[in-house]
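Trainee: Take this structure, written in structure tokens, and hold onto it; I'll ask about it next.
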Amino acid sequence: RMIMSMWNIEDLPEMTLQPCCYQTLWDVTDGYLNCMLIQRSGDIPLGVPFNTSQYAVLVHLIAQVTGLKPGLFTHVINNAHIYENQIEGMKLQLTRANDDYSAPKLWINPEINNFYDFTADDIKLVD
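Numbering of the sequence shown is given in the UniProt record's numbering, commencing with residue 1 and proceeding in unit increments.
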């Protein structure tokens, strides 16, 4: 089990905004790498989908270089909200709720076995 914290008290005074996603908890169960992301605040239309995607990809990257399979990803969000300037965009998104879009597939360069060797070119959404 591992905990990763992005909450560095010494850096907080210089930050315009404290980290929204500030902690991950990791564990391995039967060869699967599981991650729980803790988020202190998240705007639902924009921030949360981005954070969910980036940390889900992180699970896949770490799983690959450790020889594990991606497992459960749990996202805990405190203070979930929608800003007033996001309401019209949310209304548009809701009109698309029944649209049938296939989810893209995540491709990660299978030749990478050191986390620090990954580049943006090694990660793609396909189909």
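All C-beta atoms in this analysis are idealised placements derived from N, C-alpha and C, irrespective of residue type, glycine included. Source: prediction; values computed, not measured.
1) Can you name, in chain order, every residue of its own chain whose Cβ lies under 8 Å from the Cβ of residue 69, other than the five neighbours on each side?
2) Following the continuous alpha helix (DSSP H) through residue 50, name the residue where it begins and the one where it ends.
3) Under 6 Å Cβ to Cβ from residue 73, same chain only, skipping five residues before and after it: list those, please.
4) Express the C-alpha separation of residue 80 and residue 90 in angstroms, rounding to a whole number.
5) At the level of alpha carbons, what is the spacing between residue 10 and residue 100?
6) For residue 103, name the three-state secondary structure that DSSP assigns.
Mentor: Based on what the coordinates show:
1) Walking along the sequence shown from the start, residue 69 turns up at place 69. The answer, listed in chain order, is 31, 32, 33 and 63.
2) In the sequence shown, counting from the first residue as 1, residue 50 sits at position 50. Looking at the DSSP string, the run of the alpha helix (DSSP H) that includes residue 50 is 47-66.
3) On the sequence shown, position 73 is the one that residue 73 refers to. So the qualifying residues of the chain are 35, 56 and 59.
4) Here residue 90 is taken as the residue at index 90 of the sequence shown, counted from 1. Here residue 80 is taken as the residue at index 80 of the sequence shown, counted from 1. Cα to Cα, the separation comes out at about 14 Å.
5) Here residue 10 is taken as the residue at index 10 of the sequence shown, counted from 1. Here residue 100 is taken as the residue at index 100 of the sequence shown, counted from 1. About 47 Å.
6) Taking the first residue of the sequence shown as 1, we reach residue 103 at position 103. Coil.
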